[in-house]
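Working notes for the structure below.
Okay, structure coming up:
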């Protein structure tokens, strides 16, 4: 380190291997722009340190508090305008919406409660449709885009229905199916059989109890009347003293026996 380079042999201006390397066809000078294609210096990319003002960094974007199955859920576009959050990917209003996902349907004798989840589409309103077994299709109520629950009334007991929920926007209405697909837009239900109200049951039991009491009292008084008639007949009155009630007492004879 720090010494001078060795000189070439006497009579030559440079080393022989250096001339051979310069004249070799396999060697060519590397263009300057090719240098650094695969390797680069991080120092070249560094920028001078500049002081950052407090609060100059933007907070990271957060997903919107949006749930596809939440009832009375505001549109994600409204949440984005208010808070600047990120919405899940949805199709635009120029594309017909995908079908909603209908969940469990609870039924009674004359009604059904429905719950569904919104599709990943722009929805303006939801439409309810139902059809009795072998009957024509009936258009139900229309709900705005925030609804995820509805109650369908006016149904007949012990009747099968095909119930569907559809999403709509300016491009059209979502398709339906036959109700056999899990988590589809339609479901086949059957209302419950008619049941007697509790008031009628209680009234029937009270009436039956009243009849039993009346029959028991009637039988009691009839038996008591027969007993009086049996003890007061002339065939059973013997000669004797008249008791305090005016009825002959058979335990006393006309003459005292010694």
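Residue numbers (my numbering): 32 to 289. All residues carry an ideal CB built from backbone N, CA and C; glycine is no exception.
Asked: Residue 110 lies in the alpha helix (DSSP H); which residues open and close that run?; Found: 107-114
Asked: Taking 8 Å as the threshold (C-beta atoms), are residue 183 and residue 246 in contact?; Found: no
Asked: To which residues of the same chain is residue 166 closer than 8 Å at the C-beta, ignoring the five residues directly before and after it?; Found: none
Asked: Within 10 angstroms of the Cβ of residue 200, are there 16 or more other Cβ atoms? Answer buried if so, exposed if not.; Found: buried
Asked: With a threshold of 8 Å, are at least 3 pairs of Cβ atoms found where one atom belongs to the stretch 149-161 and the other to the stretch 233-251?; Found: no
Asked: Report buried or exposed for residue 147, applying the criterion of at least 16 other Cβ atoms within 10 angstroms of its Cβ.; Found: buried
Asked: Please tell me whether residue 212 and residue 100 are closer than 8 Å, where the distance is taken between their beta carbons.; Found: no
Asked: From residue 189 to residue 124, what distance separates their C-alpha atoms?; Found: 40 Å
Asked: Would residue 222 and residue 141 qualify as a contact pair, given that the criterion is a beta-carbon distance under 8 Å?; Found: yes
Asked: Spatial neighbours of residue 96 within its chain, please: CB distance less than 8 Å, with the 5 preceding and 5 following residues excluded, ordered by chain position.; Found: 110, 116
Asked: Determine the contact status of residue 145 and residue 181, defining contact as a CB-CB distance below 8 Å.; Found: yes
Asked: Whole beta strand (DSSP E) runs in the stretch 165-221 with 3 or more residues, listed along the chain?; Found: 168-175, 180-183, 191-200, 217-221
Asked: What is the rounded straight-line gap between the Cα of residue 154 and the Cα of residue 239?; Found: 59 Å
Asked: Per DSSP, what kind of secondary structure is residue 61 in: helix, strand or coil?; Found: The pLDDT assigned to residue 61 is 42, lower than 50, so where the model puts this residue is not dependable; a value taken from the coordinates is nonetheless given after this. Coil, per DSSP.
Asked: Skipping 5 residues on each side, what residues in its chain have a beta carbon closer than 8 Å to that of residue 108?; Found: 118
Asked: Consult DSSP for residue 158 and reduce its assignment to one of helix, strand or coil.; Found: strand
Asked: Can you name the start and end residues of the beta strand (DSSP E) that residue 307 belongs to?; Found: This structure cannot settle anything about residue 307, because the visible part of the chain is limited to 32 through 289.
Asked: What's the gap between the Cα of residue 241 and the Cα of residue 225?; Found: 27 Å
Asked: Can you name, in chain order, every residue of its own chain whose Cβ lies under 7 Å from the Cβ of residue 29, other than the five neighbours on each side?; Found: In the structure as shown, the chain starts at 32 and stops at 289, and residue 29 therefore has no counterpart that could be examined.
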